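Residue numbers (our numbering): 1186 to 1498. See below for the structure under consideration.
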Amino acid sequence: MEFPVQLRNKINSLTESEDIKALAKAAELLSERYRDECGDGKRSASGHRDILAYAAVRMPATFAAVSRALELALECFDGKIYSVLDVGAGTGAGAIAAALLTDCADIICVEREQNMIALGQEFFACMDIQGEWIRRDIAQGIPEKADLVICSYCLNELTAAQRKSSVEELTNAANKLLLIVEPGTPNAFASVKQMRRQLAESGLTIAAPCPNTVDCPLPDNDWCHFTARAARSRIHKQLKGADVPYEDEKFCFLAAARQTAKPCTGRILRRPFIETGKITLTVCSESTVSTQLVTKKDPRFKAARKAGTGDKL
């Protein structure tokens, strides 16, 4: 799903009077913070300029990743979403994605940074979205509940102990579906595997991306991640020093359902390798990851030609 033009225009208007060099430096430091993945619970962005840099370079990527993850999750979820709780909401990218993809009329965003909240409220207004914003740190607990609970790019900022406690809080807050999105890195995926086990032990069904609830079949030296493409705006390219009009955001995710879910029978984990008359797929199925060859005689061939990483098989 494309980043809404209303948000793009709003970000452009907010940054047009800023010192580009100073904003680019803030964006660079923010990117370094994301790459470090130190898990010490410290804030990734807090000052006004940091928040603007986040909105320009990270919000579109977060929106793209959450949108793609939610699309894949909803394919495997048998239910309707009428309320959304976005925990660690930042400037509201996840909540906005949910507003565009579900029937939700009740939105609550929980965020610890006041500057993030103020900007998120402006973004909600320009999108004509009604929602409540609560200033609160995820480590302080989550007293609210909703059909869909989203937590994106937040848990990797916590210590291991805080993360375990927060996942328990998130589980209790989700009436129907919990969606967790993290960076598509080996370190983040290792945390996602631990959270996956915790969610399964709590009685929730892993709806997506996994075709099963048993332990992940991937070896320790491999990781499951997907890609969402985000178009770069003019200010985004300026701050990143980039000429390419898009970036591919790699992410890991988990969707766990409290009610009936319908996990897929197989999920494509790598980009399909297409040759004349045949396609090679890396597929995660019930309890294994295997390489499958799909030829023209296979009824799946037409679908496999159009398939990409993350798609159901």
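All residues carry an ideal CB built from backbone N, CA and C; glycine is no exception. In this text the structure is predicted, and so the values were computed from the model without any measurement.
Counted as a single uninterrupted DSSP element, the alpha helix (DSSP H) harbouring residue 1309 occupies residues 1299 to 1311. Ranking 1435, 1248 and 1290 by CA distance to the CA of residue 1190 puts 1248 first.
When C-beta atoms of the region 1443 to 1452 are compared with those of the region 1419 to 1433, fewer than three pairs fall below 8 Å, so the two segments do not count as touching.
The region 1353 to 1390 contains, as complete beta strand (DSSP E) runs of 3+ residues, the segments 1359 to 1368 (chain order).
One alpha carbon belongs to residue 1374, the other to residue 1441, and they sit about 16 Å apart. When the beta-carbon positions are compared, residue 1275 and residue 1251 stay at least 7 Å from each other. In the DSSP assignment, residue 1295 falls within the beta strand (DSSP E) that extends over 1291 to 1296. In this structure residue 1475 is not in contact with residue 1396, their Cβ atoms being roughly 12 Å apart against a cut-off of 8 Å. DSSP places residue 1332 inside the beta strand (DSSP E), whose first and last residues are 1331 to 1337.
Bounds of any beta strand (DSSP E) do not take in residue 1429, whose DSSP letter is neither H nor E. With contacts defined as CB atoms closer than 7 Å, residue 1211 and residue 1243 fail to qualify as a contacting pair. The beta-bridge partner set that DSSP reports for residue 1467 consists of 1476. Of all alpha-carbon atoms in 1292, 1488 and 1472, the one lying nearest the alpha-carbon of residue 1463 is that of 1488.
If you check the CB distance, residue 1286 and residue 1255 come in under 7 Å. Between residue 1366 and residue 1337 a beta carbon distance of about 4 Å is seen, short of the 8 Å cut, so the two are scored as contacting. Under the three-state reduction of DSSP, residue 1498 is assigned to coil, being neither helix nor strand.
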